[in-house]
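K.L.:
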Amino acid sequence: MLKNIDVGCYHGMVQGNRLIGLFKHSPKLHVINLRSFDEGALPAIHQYCPELTILTLNVDDYTDVIDTIMDRISTKAHGLRYLLLYNIVSGAIVKPFLETHQKTIEELELVLYSEQQQATAMTEEHGIGGAADDWAFLSTLDYMPNIHRLSIYARNSSPIQEHNLLSMLSKCPSLYFLSLECFVRHGITKETLKVIGSLQELNKLRISQCSLYAEATDDTNNHNGNNVDSNKMNTPKQLFGKLRNLTHVEIGYCSGTTHAVLDIVANIPNLMLIEVRGMSTTMNVDMQEIISKLATLEFLQQVEFDTVDLSPEALHEFDKDDVDSSMKQIVLRNIRNMDKFQAHQVLSSSNISIAYFGHDSIFENNTSGEDDL
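Take a look at the structure:
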């Protein structure tokens with residue numbers, strides 16, 4: 001009896017409903033991996049494959065992903081554990097899987113990205129229809145106690161879709177890893193940050209290409225991005241101060257109140273690694289102030305700055321006499337306003353190792369490898 005199936009096409013996207021007959025006659029399938037198929041096969045999979053434990057759709061690095069999952073999944077596992085769906089247009093396709101398997105799913109990855117998704121978002125944003133509520137069911141789900149990894153890529157989603165997707169966070173109390181990418185219309189608000197701050201098991205957090213808003217209410221939001229008063233937020237320690245397990249954070253290419261969010265991150269008590277990407281002086285981010293707070297963190301060992309406006313004065317905060325830091329390594333990539341010689345000179349009296357990647361790919365003081373969030 002067929003238990004694992006891997007079907008791929010290398011000549012464009014294929015209609016998934018062409019595989020319905022296959023799934024009708026394969027009720028014992030445990031692993032399904034589809035590549036270059038639209039979501040048309042998913043209803044049949046849900047209906048005819050009750051013993052499924054792993055389902056992936058259009059995952060780019062599917063071989064590595066499947067191998068990694070197979071290494072850690074129990075041979076006695078029952079129920080759907082891993083659901084990784086790329087190029088999803090409608091939440092209606094995902095709804096049956098989450099409602100049926102919300103108690104067993106351990107890892108969920110959703111990538112919303114297609115021309116149709118973009119058209120839907122534009123029509124909703126201009127008030128002319130669209131499937132605005134196709135993810136509304138997420139707010140009515142029961143708790144999903146076993147999800148420990150959640151990744152959502154929300155490109156081309158409408159504000160209401162982003163809001164509904166983010167409502168799922170409060171249903172996942174056991175999250176170990178959280179990645180949010182391309183939430184730009186509704187964005188990451190103070191209310192979302194509060195929910196993240198309640199995830200006591202969270203160990204790794206990644207926020208990339210998102211709009212960050214200090215307040216969730218219309219009268220304090222600043223969608224232009226730079227002038228929201230960070231003092232209107234709860235104090236940094238109140239928001240993330242209880243996340244004792246959070247050790248790895250990546251904030252990359254975000255807009256809005258980025259300084260306020262970095263200020264929150266700089267107060268995470270057990271932070272060990274932080275990656276900051278895509279920060280310029282036009283964003284009103286005071287990197288010297290942020291670094292001065294990072295330098296005081298007891299367990300911080302590695303910092304990576306990529307495509308950041310960074311001055312020697314800011315970097316020097318890691319090497320001040322009154323700072324007792326555990327910092328071991330600083331990785332600098334494509335840094336503006338400071339070259340590799342200045343970086344080494346600033347920290348010449350410290351024991352901090354510097355890895356410098358310039359535009360010419362020069363690498364100094366070879367590192368032992370980068371941590372992958």
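First residue of the sequence shown? That's 1 in our numbering, and the numbers climb one at a time after it. Glycine included, C-beta positions come from ideal geometry on N, C-alpha and C.
Quick check: the Cα distance between residue 376 and residue 201, rounded to an integer number of angstroms?
P.N.:
The chain is shown only over 1 to 373; residue 376 falls outside these bounds and no answer can be derived.
K.L.:
Which two residues bound the contiguous beta strand (DSSP E) that contains residue 279?
P.N.:
Residue 279 -> beta strand (DSSP E) spans 273-279.
K.L.:
Go through its chain and collect everything with a Cβ distance to residue 217's Cβ below 8 Å, but skip five positions before and after it.
P.N.:
Legend: pLDDT at residue 217 = 31, less than 50; position of this residue unreliable, no value from coordinates given.
K.L.:
Can you tell which of 164, 333, 107, 253 has its C-alpha closest to the C-alpha of residue 133?
P.N.:
For the residues 164, 333, 107, 253, the minimum Cα distance to residue 133 belongs to 164.
K.L.:
For residue 283, which residues in the same chain have their Cβ closer than 6 Å to its Cβ, ignoring the five residues on either side in sequence?
P.N.:
258
K.L.:
Any idea what DSSP makes of residue 326, helix, strand or coil?
P.N.:
In this structure, residue 326 counts as coil in the three-state DSSP scheme.
K.L.:
Excluding the 5 residues preceding and the 5 following residue 186 in the sequence, name in chain order all residues of the same chain whose CB lies nearer than 6 Å to its CB.
P.N.:
159, 162, 163
K.L.:
Secondary structure at residue 307, three-state DSSP: helix, strand or coil?
P.N.:
Correct three-state label for residue 307: strand.
K.L.:
Under 7 Å between the Cβ atoms of residue 85 and residue 52?
P.N.:
No. Outside cutoff.
K.L.:
Alpha carbon to alpha carbon, how far is residue 208 from residue 345?
P.N.:
A direct Cα-to-Cα measurement between residue 208 and residue 345 gives close to 31 Å.
K.L.:
Would you mind sorting residue 213 into buried or exposed? The rule is 16 or more other CB atoms within 10 Å of its CB.
P.N.:
buried
K.L.:
When burial is assigned at 16 or more other CB atoms within 10 Å of the CB, is residue 21 buried or exposed?
P.N.:
exposed
K.L.:
Assign residue 231 to buried or exposed, taking buried as 16 or more other Cβ atoms, counted over all protein chains shown, within 10 Å of its Cβ.
P.N.:
Reliability of the predicted coordinates at residue 231 is poor, the pLDDT of 45 falling under 50, and no value is obtained from them.
K.L.:
From the DSSP output, read off the bridge partner residues of residue 153.
P.N.:
111, 181
K.L.:
How many angstroms separate the CA atom of residue 327 from the CA atom of residue 23?
P.N.:
53 Å
K.L.:
For residue 141, collect the residues of the same chain with a Cβ closer than 8 Å to its Cβ; drop the 5 residues on either side in sequence, then sort them by chain order.
P.N.:
The residues are 98, 99, 102, 168, 171.
K.L.:
Three-state secondary structure (DSSP) at residue 229?
P.N.:
For residue 229, the pLDDT reaches just 46, beneath the cut-off of 50, and the residue's location in the model is therefore unreliable, leaving the point undetermined.
K.L.:
So the candidates are 156, 174, 193; which of them puts its Cα closest to the Cα of residue 166?
P.N.:
Among 156, 174, 193, the Cα nearest to that of residue 166 is on 193.
K.L.:
Identify which residue in 82, 80, 264, 147 has its Cα closest to the Cα of residue 297.
P.N.:
Looking at the Cα atoms, 264 is the closest of the given residues.
K.L.:
So, is residue 337 buried or exposed, given that buried needs 16 or more other C-beta atoms within 10 angstroms?
P.N.:
exposed
K.L.:
My output table needs one value for residue 314: the three-state DSSP class, helix, strand or coil.
P.N.:
helix
K.L.:
So residue 105 packs on residue 39, CB below 8 Å; how close in whole Å?
P.N.:
Not quite, the Cβ-Cβ distance comes to about 18 Å (not below 8 Å), so this is no contact.
K.L.:
Applying the criterion that 16 or more other CB atoms from any shown protein chain within 10 Å of the CB defines a buried residue, is residue 3 buried or exposed?
P.N.:
With fewer than 16 Cβ atoms within 10 Å of its Cβ, residue 3 is classed as exposed.
K.L.:
Can you tell me the Cα-Cα spacing of residue 339 and residue 332, whole angstroms?
P.N.:
Taken atom to atom, the span from the alpha-carbon of residue 339 to that of residue 332 is near 10 Å.
K.L.:
Tell me the DSSP bridge mates of residue 207?
P.N.:
180, 251
K.L.:
Could you check how far apart the C-beta atoms of residue 150 and residue 112 are, in whole angstroms? I think they sit under 8 Å.
P.N.:
14 Å between Cβ atoms; not a contact.
K.L.:
Quickly, what does DSSP pair residue 336 with across the bridge? List them, please.
P.N.:
309
K.L.:
Could you give the residue range of the beta strand (DSSP E) that holds residue 140?
P.N.:
Unbroken run through residue 140: none, as it is neither H nor E.
K.L.:
Whole angstroms are fine: how far does the CA of residue 18 sit from the CA of residue 248?
P.N.:
If you draw a straight line from the Cα of residue 248 to the Cα of residue 18, it is about 43 Å long.
K.L.:
My assumption, with CB atoms under 8 Å, is that residue 32 sits in contact with residue 5. Please give the rounded CB distance.
P.N.:
5 Å
K.L.:
Going by CA-CA distance only, name the one from 342, 110, 181, 28 that's closest to residue 358.
P.N.:
The alpha carbon of residue 358 has as its nearest neighbour, out of 342, 110, 181, 28, the alpha carbon of 342.
K.L.:
Just how far apart, CA to CA, sit residue 330 and residue 301?
P.N.:
9 Å
K.L.:
With a cut-off of 7 Å, does the C-beta of residue 149 fall near any C-beta of chain D?
P.N.:
Among the chains in the structure shown there is no chain D, since it carries only a single protein chain.
K.L.:
Among 277, 294, 335, 177, whose alpha-carbon lies nearest the alpha-carbon of residue 312?
P.N.:
335
K.L.:
Which same chain residues end up closer than 6 Å to residue 254 when comparing Cβ atoms and leaving out the 5 residues on each side of it in sequence?
P.N.:
210, 212
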